[in-house]
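Asks:
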Amino acid sequence: MTTLADSAAPPAPAPALRPHRIPADGLYEGHRVLRRTPEDWDDRPYERFEVVPQAATIGAEIRGLDLSRPLSDGLRAELNRALLEWKVLFFRGQHLSSAAQREFARNWGELESNPLLARGDSKDVARFDKAAGGVTTFENVWHTDVTFRERPALGAVLQLREVPPTGGDTMWADMAAAYDNLPPEIRARINDARAVHDYLPGFARFYSAAQLAPFQEEFPPVEHPVVRRHPETGRRMLFVNASFTTRIVGLAEAESDRLLRLLFQQAQVPEFQVRWHWRAGDLAFWDNRATQHYAVNDYGPHRRVAERVAIAGDRPR
177 MTTLADSAAP
187 PAPAPALRPH
197 RIPADGLYEG
207 HRVLRRTPED
217 WDDRPYERFE
227 VVPQAATIGA
237 EIRGLDLSRP
247 LSDGLRAELN
257 RALLEWKVLF
267 FRGQHLSSAA
277 QREFARNWGE
287 LESNPLLARG
297 DSKDVARFDK
307 AAGGVTTFEN
317 VWHTDVTFRE
327 RPALGAVLQL
337 REVPPTGGDT
347 MWADMAAAYD
357 NLPPEIRARI
367 NDARAVHDYL
377 PGFARFYSAA
387 QLAPFQEEFP
397 PVEHPVVRRH
407 PETGRRMLFV
417 NASFTTRIVG
427 LAEAESDRLL
437 RLLFQQAQVP
447 EFQVRWHWRA
457 GDLAFWDNRA
467 TQHYAVNDYG
477 PHRRVAERVA
487 IAGDRPR
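The sequence shown begins at 177 in the working numbering and counts up by one.
(1) Taking R224 as the reference, which of I424, P396, S273, L247 has the closest Cα?
(2) Considering only residues of the same chain and omitting the five flanking positions on each side of V472, which have a CB-CB separation below 6 Å?
(3) To test your reading of the DSSP string, which unbroken alpha helix (DSSP H) runs of 4 or more residues are found completely within the stretch 389-460?
(4) So G378 and S419 are supposed to be a Cβ contact under 8 Å. How far apart are they, rounded?
(5) What does DSSP give as the partner residues of F266 in its beta bridges?
(6) Spell out the partners DSSP gives F304 in its beta bridges.
(7) What are the start and end residues of the alpha helix (DSSP H) that includes P360?
(8) Can you tell me the Cα-Cα spacing of T342 and R479, whole angstroms?
(9) Helix, strand or coil: how does DSSP classify N352 here?
(10) With respect to the beta strand (DSSP E) encompassing G378, which residues constitute its N-terminal and C-terminal limits?
(11) Check A369 in the structure and name its three-state DSSP category.
(12) Tell me which same chain residues have a C-beta within less than 6 Å of the C-beta of A307, skipping the five on either side of it?
(13) Under 8 Å, do Y355 and V398 count as touching if we go by C-beta distance?
(14) List the endpoints of the continuous beta strand (DSSP E) containing R337.
(15) Report back the beta-carbon spacing between P396 and F415 to the nearest angstrom; my notes put them in contact at under 8 Å.
(16) Between V333 and A281, how many whole angstroms is the CB-CB distance? I'm expecting something under 8 Å.
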């Protein structure tokens with residue numbers, strides 16, 4: 177029986193624990209803030225197609241459309257809203273010709289070419305043909321396309337021509353969620369920071385100095401904000417990546433490297449990601465301003481063939 181004296185007794189001291197700590201600047205377990213759209217966004221139903229979400233904040237399959245047909249103004253506007261809300265859109269079994277793939281992409285602007293990549297049947301089609309023993313390109317690394325340009329791509333349209341029997345998925349990460357979940361003191365530190373981007377670190381992984389040197393004048397290092405605002409939604413997004421971002425302006429090298437390592441890790445959080453398992457003829461359309469992506473190279477010794485069309489973008493702000 178509990179007595180009044182027992183209830184008034186002071187609580188027992190907490191047991192002593194051995195010294196313990198987690199190394200600084202890591203990824204920690206705990207609650208994630210998962211906001212798909214800006215807080216004041218007008219979230220309304222879609223009228224012209226079905227949207228099937230693939231993850232909490234990023235990635236949706238679009239059903240009920242034939243992308244080989246021209247887009248009406250209304251359909252283009254609704255697809256653009258879906259792109260802004262979901263960051264990457266997936267379309268099963270489209271089997272578009274290269275010409276039709278380019279025409280679809282042109283609904284969002286002028287196409288850009290990349291002389292550092294193998295080309296398809298047009299200068300604005302990049303072809304990724306990976307067979308057994310082929311040269312490794314941009315696989316197994318989180319990155320945002322062509323941030324070494326003054327005006328990085330708005331987006332890209334990727335179609336798989338040939339898929340391996342297993343593996344070969346692509347993953348995308350929501351960089352608005354990556355920003356939202358940074359510690360407040362880190363967000364305050366980087367909100368007005370700028371970083372240098374350069375094509376050399378990324379391409380030096382698989383090209384020789386002789387192959388890279390001719391492009392140094394065409395692609396000099398450029399500065400972009402570490403946190404950019406999306407030009408259509410106004411949302412803040414983390415805009416550094418492990419392939420092309422070399423340093424944060426104004427910081428000593430060791431301090432810059434340490435901060436960048438922390439920022440690069442944000443793309444690796446599963447709650448911010450979507451993973452797509454390809455079938456031949458599938459097409460993905462992503463917002464390059466708001467995402468990073470990662471091509472998973474786990475399909476050897478089989479072949480995987482993809483073609484990508486990129487849409488010219490604006491200067492990050």
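Glycine included, every Cβ here is placed at the ideal spot set by N, Cα and C. Since this is a predicted model, take the numbers as computed values, not measurements.
Replies: Taking the structure as given:
(1) Per the Cα distances, L247.
(2) Within the same chain, V472 has close Cβ partners D345.
(3) Counting only runs of 4 or more, we get 429-441.
(4) With 8 Å as the limit, G378 and S419 qualify as a contact, their Cβ atoms being about 4 Å apart.
(5) F266 is bridged to E237, A460.
(6) DSSP lists A482 as partners of F304.
(7) 360-366 is the span of the alpha helix (DSSP H), which, as asked, contains P360.
(8) Distance between the alpha carbons of T342 and R479: 10 Å.
(9) The sequence given here has Ala at residue 352, not Asn. The answer is helix: DSSP assigns A352 an H, G or I state.
(10) It is not in any beta strand (DSSP E) - G378 instead sits in the alpha helix (DSSP H) that spans 375-379.
(11) Coil.
(12) These residues qualify, in order along the chain: R479.
(13) Against a cut-off of 8 Å, the Cβ pair of V398 and Y355 comes out as no contact.
(14) Here the beta strand (DSSP E) through R337 covers 331-338.
(15) Going by Cβ atoms, the distance from P396 to F415 rounds to 19 Å, so no, they are not a contact pair.
(16) Between V333 and A281 a beta carbon distance of about 5 Å is seen, short of the 8 Å cut, so the two are scored as contacting.
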